[in-house]
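First up is the structure itself, then whatever we jot down about it.
Here's what the structure looks like:
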């Protein structure tokens, strides 16, 4: 009788508990749905990459200037898009087809700007352009050999008429000097200061511009007196390696694959090219020389000179100088090939290295 009296209460309590648990379950589901919806809305604002991506037809790891890119925007969640516009390296382009013929070598960025519900979102894709063909390979013949100071850690080398100007490196040993290249005699020398590591140099008119390695600035001298006329600072390039000029523009290497174009009056960095063969970039670009409308560039720790198109960075030729260092007297401080000078003689270069006791006049041959 007692059980019968309490049975309705037990049943009611059990059903209430089940209902309560069921309500909790559905409340949890509703909360999770709303949270997911909220996160989805947040993703739409903060992470457009989860909604869109740029697809390139017949995509490749590397592209040539002869290629034409055909791109499309993939809409992964089928949201309603009002418009899509593209930029190539920050410049707006018409349509979705990009000819690469006029582009420089190296890395480039395509951006798709997507308009959804009155708001702009952007996604990007990077590509790499390499030189259109293999570089020509050149060898050399030694025509003359001249004495060179074995204590000169050569960083820059350039002729002005028949006088050879040279910049040397190492802390507490760096100098700017001019020499009689036929005898090796140092005609004038100026120490640049113990805290500076001298690097490349170039001559523009009556001025010499000399880089330092890591100090972030270079020096300007009077070519005739070596009197210091001023200094200049680097911009985005953090280090100084090599310099040359074409009379209108100064070119600067910084130890990477980049060669910077500097304003010859202010030395401000205006733009850069990236040095690429038909396969890959060439970094550690070092001493530079302007030769017949091309940049000739030493590659650090390589027995080679890259012949670089100054407009787009394509390596059009490589001078293989293997074996040249074997002609130099061996001593404890001898280091790598570095130093290219040009006097205007067709196919003739003057080359040396860091702490080499010889300067070589060589003819370049295919």
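Numbering (this note's numbering), first residue to last: 1031 to 1396.
No residue lacks a Cβ here, since even glycine has one placed at the ideal position from N, Cα and C.
Model, not experiment: these values are computed from the prediction.
Are at least three pairs of beta-carbons, each pair with one atom in the segment 1181-1190 and one in the segment 1335-1345, less than 8 Å apart?
No: fewer than three Cβ pairs fall under 8 Å.
Under 9 Å, do residue 1228 and residue 1243 count as touching if we go by C-beta distance?
Against a cut-off of 9 Å, the Cβ pair of residue 1243 and residue 1228 comes out as a contact.
Check whether the Cβ of residue 1234 lies closer than 8 Å to any heavy atom of the ligand HEM, and answer yes or no.
This structure does not include the ligand HEM; it has no bound ligands of any sort.
Does the segment 1082-1097 touch the segment 1125-1138, meaning 3 or more C-beta pairs lie closer than 8 Å?
In this structure the segment 1125-1138 lies against the segment 1082-1097, because at least three pairs of beta carbons, one per stretch, are closer than 8 Å.
Is there contact here, the segment 1215-1234 with the segment 1243-1263, by at least three beta-carbon pairs under 8 Å?
Between the segment 1215-1234 and the segment 1243-1263 there are three or more C-beta pairs closer than 8 Å, enough to call the two in contact.
Whose CA, out of 1078, 1378, 1375 and 1240, lies closest to the CA of residue 1221?
Considering only alpha carbons, the answer is 1240.
Evaluate residue 1167 with the Cβ neighbour count: other Cβ atoms within 10 Å of its Cβ, from every protein chain shown; 16 or more gives buried, anything less gives exposed.
With fewer than 16 other Cβ atoms within 10 Å, it is exposed.
Would you give the residue range spanned by the beta strand (DSSP E) that residue 1360 belongs to?
In the DSSP annotation of this structure, residue 1360 is not part of any beta strand (DSSP E), being labelled neither H nor E.
Same chain, Cβ closer than 8 Å to residue 1105, five either side skipped, listed in chain order
When the five nearest sequence neighbours on each side are left out, the beta carbons in the same chain lying within less than 8 Å of the beta carbon of residue 1105 are those of 1081, 1082 and 1111, in order along the chain.
Per DSSP, what kind of secondary structure is residue 1078 in: helix, strand or coil?
The answer is helix: DSSP assigns residue 1078 an H, G or I state.
Taking C-alpha atoms, which residue in 1117, 1309, 1340 and 1113 lies nearest to residue 1147?
Looking at the Cα atoms, 1113 is the closest of the given residues.
Give the C-beta separation of residue 1304 and residue 1288 to the nearest angstrom, bearing in mind that I take them to be a contact with Cβ-Cβ under 8 Å.
Contact between residue 1304 and residue 1288 holds, since their C-beta atoms are separated by about 6 Å, short of 8 Å.
Selection from 1324, 1133 and 1136 that minimises the alpha carbon distance to residue 1377:
The alpha carbon of residue 1377 has as its nearest neighbour, out of 1324, 1133 and 1136, the alpha carbon of 1324.
Would you call residue 1121 buried or exposed, if buried means 16 or more other Cβ atoms sit within 10 Å of its Cβ?
Its Cβ having fewer than 16 others within 10 Å, residue 1121 is exposed.
Nearest candidate by alpha-carbon position, reference residue 1179, set 1396, 1395 and 1389
When only C-alpha atoms are compared, the closest one is 1389.
Just to confirm, is the Cβ distance from residue 1353 to residue 1184 under 9 Å?
With contacts defined as CB atoms closer than 9 Å, residue 1353 and residue 1184 fail to qualify as a contacting pair.
Assign residue 1145 to buried or exposed, taking buried as 16 or more other Cβ atoms, counted over all protein chains shown, within 10 Å of its Cβ.
Residue 1145 comes out exposed.
Let me check understanding here. Comparing Cα to Cα, which of 1392, 1359 and 1182 lies closest to residue 1202?
Of the candidates 1392, 1359 and 1182, the residue whose Cα lies closest to the Cα of residue 1202 is 1182.
If we call anything under 9 Å between Cβ atoms a contact, is residue 1165 one with residue 1347?
In contact: residue 1165 and residue 1347 (Cβ atoms closer than 9 Å).
What's the C-alpha gap between residue 1206 and residue 1213?
Near 18 Å, if we compare the C-alpha coordinates of residue 1213 and residue 1206.
Rounded Cβ spacing between residue 1253 and residue 1233 (contact assumed at less than 8 Å)
Contact between residue 1253 and residue 1233 holds, since their C-beta atoms are separated by about 6 Å, short of 8 Å.
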